[in-house]
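Residue numbers for the sequence shown follow this note's numbering, so the first one is 119 and each next one is one higher.
All C-beta atoms, glycine included, are put in the ideal place defined by N, C-alpha and C.
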Amino acid sequence: NIDTAAASEAGGRQIQNPFVLARRDWLHFCTSMYLTLFEAERLFAYLADERGLVDLPAMFEKLRNSVEPDISLERFVTKAYKHYDSLPDAFDACSSQLSPNRPEHVMSWPNFHRLAI
């Protein structure tokens, strides 16, 4: 059963919806997109419901409404792939290093806007 294979633990409860993530699954999801553990934890605190779960469709809706209501996330990703081989490549090309001593990159609003346009 696909639902059983996609289920994850959340406080001893089985979550049958593959689009709802418990904290552990959320952290794994975020790190697969190269977010830091700190960023993933902060997002989880913001996005998780009272049960401690993140509903991915609701999260993407919040993202769409927050980034820019008249530009869809799908269109943004399509534009990024048009100019770069992957999303990490797009991030690397449009981000900047904080300092020579710190290898991690950050993306400021002007850099994000450049990538989105």
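Item: Can you have a look at R232 and say buried or exposed, based on whether 16 or more other CB atoms are within 10 angstroms of its CB?; Value: exposed
Item: Between D207, M151, L161, which lies nearest to A140 when the distance is taken from Cα to Cα?; Value: L161
Item: On the DSSP letters alone, give me the boundaries of the alpha helix (DSSP H) that A163 sits inside.; Value: 155-165
Item: So what does DSSP say about N135, is it helix, strand or coil?; Value: coil
Item: My output table needs one value for R169: the three-state DSSP class, helix, strand or coil.; Value: coil
Item: Do the CB positions of A211 and Y199 come within less than 8 Å of each other?; Value: no
Item: Check this for me: beta carbons of G191 and F178, under 8 Å apart or not?; Value: According to the sequence provided, residue 191 is Leu. The question's Gly does not apply to it. Yes, these two residues count as a Cβ contact at 8 Å.
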